[in-house]
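K.L.:
Residue numbers (my numbering): 2 to 311.
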């Protein structure tokens, strides 16, 4: 074997080795060996969310003014439960809230230096007006004594004097109220009122005094009327959600890639924009998707297309 042949074969082996390494690198960077992502498309049916709103305690239905077909918003008060005698104990938080609101009102109406200064200025103005009225009455009295003015003019001066006295008394009362008002920070009181309001609402819900709408929707039916006696757990209203729904897709073989918590894109004929859902459950019989973004014009039983990439 000649030297040139040996060198040619050596160079050929090196070239092929480098080429193999390059192809391996290209394959790895291109994702060779990994399954390509796939778009899964399915079709399901809308199932509206319906719920029965039950009485949390025994008593009488109070404040129920909604009717069948009426629209309600999430968090909107629906009704309250009063005791059997028709009275509702406001609870300690309600009393604390009322007290804090009164303190805030007093602080805002007469606690600032500007309020006290304005009340003091009003007193000085009332004093000046009374002094002028007194002087005028004395003048009218002297003139009347010598026949210089009529009795009617003297009576008008007396009336002006009495009005000035009443005005001074009112201004002095306002000043006393402003000076005796609690020197509390309105901002701190506002924060206190906000916290007590949250506590009161939580207390009212626990005690059954107030029941709120769990979602935005429509009143399907009112099982009871206002003032009706009710037992704990008894249905008062039936609601249908207008912004929430389930989409159910029956299947014979479970796709394990569609795990719970996965986000999917939902669309339906007639809708201008798609909306979002989340896989809630994937059983051997069906795939269940929940959406809290359902368009309100999407009816029960409507066909919905589902798309996701796995």
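Heads up, the beta-carbon is just placed ideally off N, CA and C, and yes, glycines get one too.
So if DSSP puts residue 248 in a beta bridge, which residue, or which two residues, is it bridged to?
P.N.:
47 and 290
K.L.:
Where residue 270 and residue 195 are concerned, what is the direct C-alpha to C-alpha distance, given to the nearest angstrom?
P.N.:
46 Å
K.L.:
Would you tell me roughly how many angstroms separate the C-alpha atoms of residue 65 and residue 80, rounded to the nearest one?
P.N.:
5 Å
K.L.:
Among residues of its own chain, excluding the 5 on either side of residue 8, which ones have a beta-carbon nearer than 7 Å to its beta-carbon?
P.N.:
Annotation note: pLDDT 45 at residue 8 (below 50); position unreliable, coordinate value reported separately. Excluding residues within five positions, none has a Cβ falling inside 7 Å.
K.L.:
Out of 245, 307 and 286, which has the shortest C-alpha to C-alpha gap to residue 254?
P.N.:
286
K.L.:
Among 103, 309, 273 and 237, which residue has its Cα nearest to the Cα of residue 263?
P.N.:
The shortest C-alpha separation from residue 263 is found at 309.
K.L.:
Could you tell me how far apart the beta carbons of residue 47 and residue 302 are, in whole angstroms, since I believe they sit closer than 8 Å?
P.N.:
Right, their Cβ atoms sit about 6 Å apart.
K.L.:
Rounded C-beta distance between residue 222 and residue 69? I'm assuming under 8 Å.
P.N.:
6 Å
K.L.:
Below 8 Å, can you find three or more Cβ-Cβ pairs linking the stretch 128–136 to the stretch 100–108?
P.N.:
no
K.L.:
Counting Cβ pairs, one atom from each stretch, are 3 or more of them under 8 Å apart for the stretch 229–240 and the stretch 57–64?
P.N.:
Because the criterion of three Cβ pairs below 8 Å is met, the stretch 229–240 and the stretch 57–64 touch.
K.L.:
Given this structure, state the Cα-to-Cα distance separating residue 99 from residue 191, to the nearest angstrom.
P.N.:
C-alpha separation (whole angstroms): 13 Å.
K.L.:
Quick one: what's residue 72 bridged to in DSSP?
P.N.:
219
K.L.:
Specify the secondary structure class of residue 139 as computed by DSSP and reduced to three states.
P.N.:
helix
K.L.:
Can you tell me whether residue 282 is helix, strand or coil according to DSSP?
P.N.:
strand
K.L.:
Tell whether a beta-carbon distance below 8 Å holds between residue 279 and residue 307.
P.N.:
Their beta carbons are not under 8 Å apart, which means residue 279 does not touch residue 307 by this criterion.
K.L.:
Kindly list the residues whose CB is nearer than 7 Å to the CB of residue 298, restricted to its own chain and excluding five residues on each side of it in sequence; keep chain order.
P.N.:
none
K.L.:
By alpha-carbon positions, which one of 268, 283 and 251 ends up nearest to residue 259?
P.N.:
Answer by Cα proximity: 283.
K.L.:
If you run the structure through DSSP and keep just helix, strand and coil, what is residue 213?
P.N.:
strand
K.L.:
Please classify residue 277 as buried or exposed, where buried requires at least 16 neighbouring CB atoms within 10 angstroms.
P.N.:
exposed
K.L.:
Cutting at 8 Å between CB atoms, please list the residues of its own chain near residue 150, excluding the five before and the five after it.
P.N.:
141 and 144
K.L.:
Under the DSSP definition of a beta bridge, which residues are partnered with residue 1?
P.N.:
The shown model of the chain, from 2 to 311, leaves out residue 1, and the question about it has no answer.
K.L.:
The beta strand (DSSP E) that contains residue 306, what's its start and end?
P.N.:
304–310
K.L.:
Pull up the distance between the alpha-carbon of residue 96 and that of residue 232, whole angstroms please.
P.N.:
Going by the C-alpha atoms only, they are around 27 Å apart.
K.L.:
Compare the C-alpha of residue 268 against each of 167, 42 and 203 and name the closest.
P.N.:
42
K.L.:
Consult DSSP for residue 231 and reduce its assignment to one of helix, strand or coil.
P.N.:
strand
K.L.:
Tell me where the beta strand (DSSP E) around residue 325 begins and ends.
P.N.:
The requested residue 325 does not occur in the structure, where the chain is confined to residues 2 to 311.
K.L.:
Could you have a look at residue 55 and say whether DSSP puts it in helix, strand or coil?
P.N.:
strand
K.L.:
For residue 194, does the three-state DSSP call read helix, strand or coil?
P.N.:
helix
K.L.:
Quick one: using the 10 Å Cβ neighbour count with 16 as the cut-off for buried, is residue 273 buried or exposed?
P.N.:
Flag for residue 273 reads exposed.
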